[in-house]
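Undergrad: Counting with my numbering, you get residues 424 to 484 for the letters of the sequence shown.
Don't be surprised by glycine CBs; every beta carbon is placed ideally from N, CA and C.
In this text, all values refer to a predicted model and were calculated from it rather than measured experimentally.
Please see the structure below; I have some questions.
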Amino acid sequence: MLLLGVFGAIGVYEGAVEAMEQWHLFFEPTVIGTVAGMVEAAVISFVVMYAFAWLYNTFAR
């Protein structure tokens, strides 16, 4: 997310930056948009991994 924010700000990897903007609600190739996208991705990752760990532990018993 950080690399795409930096590359988007300088105009490199435009296709990947556009895809990231579509997938993430808060991502933009600006400083604020990059930080907001990173926070959003961290929250989504935490929720998904927590659910995976809970399911794993439930079925491992």
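Quick test of your reading: A459 and F469, contact by CB under 8 Å. State the CB separation rounded to the nearest angstrom.
TA: Incorrect: roughly 16 Å between the Cβ atoms, too far for contact.
Undergrad: State the DSSP-derived secondary structure class of Y436, mapped to helix, strand or coil.
TA: Reduced to three states, the DSSP call for Y436 is coil.
Undergrad: Please work out which residues of its chain come closer than 7 Å, Cβ to Cβ, to N480, disregarding the five sequence neighbours upstream and downstream, and give them in chain order.
TA: Once the five neighbours on either side are set aside, N480 has no close Cβ partner at all.
Undergrad: My assumption, with CB atoms under 8 Å, is that G456 sits in contact with G428. Please give the rounded CB distance.
TA: Between G428 and G456 the Cβ distance is about 7 Å, and since that is below 8 Å, they are a contact.
Undergrad: Just the C-alpha distance for A442 and L426, rounded to the nearest angstrom, thanks.
TA: Whole-angstrom Cα-Cα distance: 14 Å.
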